[in-house]
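Numbering (this note's numbering), first residue to last: 1 to 199.
Here a beta-carbon is modelled for each residue, glycine too, at the ideal position from N, C-alpha and C.
Please read all numbers here as calculations on a predicted model, not as lab measurements.
Below is one structure, written out as structure tokens; comments come after it.
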């Protein structure tokens, strides 16, 4: 009987500890919102038979480049833009879109030293983004050719004590900003330089 009571007490202590640990659990931070999409925007119709998308840029997969660590890589977002927005509606010719650069480089920032450095939280890193994409139309129905290109750059810094979730939120925000600017600028250049091949 005494042993049964002792076992019961041990079980109560065990379950109480589990409840306590559950109450102390840190809430999960906001998750990644998902890949950016352009599918709801109007299609850019090109008078060609095919549109080829080429991922020319190859990520180094090592420091200081960090684009491969991003939940939605810029290279994927640029390719998604092409598939969401460009449409081939002609019988002849090819439009070739090349993603020449989609890099995110981490730069370590200098931190304050001495007594001042012990009492302040510095910006620890800067992220420099470059997205460069071009499109060329060859052998279209009219027999001509045309090309357009755009390059978008952006830089953001983050606190030295930022969590991984905060860092990923910054990357997501940067990605959305860069792709938003790219979407507007590249469409404008396509409509200006490829006007003869638009439907």
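Opposing strand residues paired with residue 135 [DSSP bridges]: 97 and 148
Name the residue from 107, 136 and 183 whose alpha carbon lies nearest to the alpha carbon of residue 157. 107
Considering only the alpha carbon of each residue, which of 122, 60 and 188 lies closest to residue 109? 122
At 4 residues or longer, what runs of the alpha helix (DSSP H) sit wholly inside the segment 24 to 91? 74 to 85
Leaving out the 5 sequence neighbours to the left and right, which residues in its chain are closer than 8 Å to residue 155 when beta-carbon positions are compared? 126, 127, 128 and 129
In chain order, what residues of the same chain have a beta carbon less than 6 Å from the beta carbon of residue 152, not counting five sequence neighbours either side? 131, 178, 181 and 182
Quick check on this structure: which residue in 47, 195 and 190 has the alpha carbon closest to the alpha carbon of residue 139? 47
From residue 87 to residue 54, what does the alpha carbon distance come to, in whole angstroms? 16 Å
Use the C-beta contact count for residue 143: other C-beta atoms within 10 angstroms, 16 or more gives buried, fewer gives exposed. exposed
Which term fits residue 23, buried or exposed, when burial requires 16 or more other beta carbons within 10 angstroms of its beta carbon? The predicted position of residue 23 is uncertain, since its pLDDT is 38 and thus under 50; no value can be drawn from it.
Length of the line joining the Cα atoms of residue 40 and residue 81: 11 Å
Put residue 204 into one of helix, strand or coil per three-state DSSP. As shown, the chain starts at 1 and ends at 199. That puts residue 204 outside it, with no answer to give.
If you check the beta carbons only, do residue 124 and residue 160 fall under 8 Å apart? yes
Roughly how many angstroms lie between the CA atoms of residue 43 and residue 168, to the nearest whole one? 30 Å
So which of 77, 70 and 145 has the shortest CA-CA distance to residue 95? 145
So the candidates are 79, 134, 77 and 69; which of them puts its Cα closest to the Cα of residue 105? 69
Might you give, ordered along the chain, the residues of its own chain that have their beta carbon closer than 7 Å to the beta carbon of residue 174, omitting 5 neighbours on each side? 127, 129, 154 and 156
Out of curiosity, what's the CA-to-CA distance linking residue 185 and residue 89? 23 Å
Please classify residue 164 as buried or exposed, where buried requires at least 16 other C-beta atoms within 10 Å of its C-beta. exposed
Where does residue 106 sit, in a helix, a strand or coil, going by DSSP? strand
Tell me which same chain residues have a C-beta within less than 8 Å of the C-beta of residue 189, skipping the five on either side of it? 148, 149 and 150
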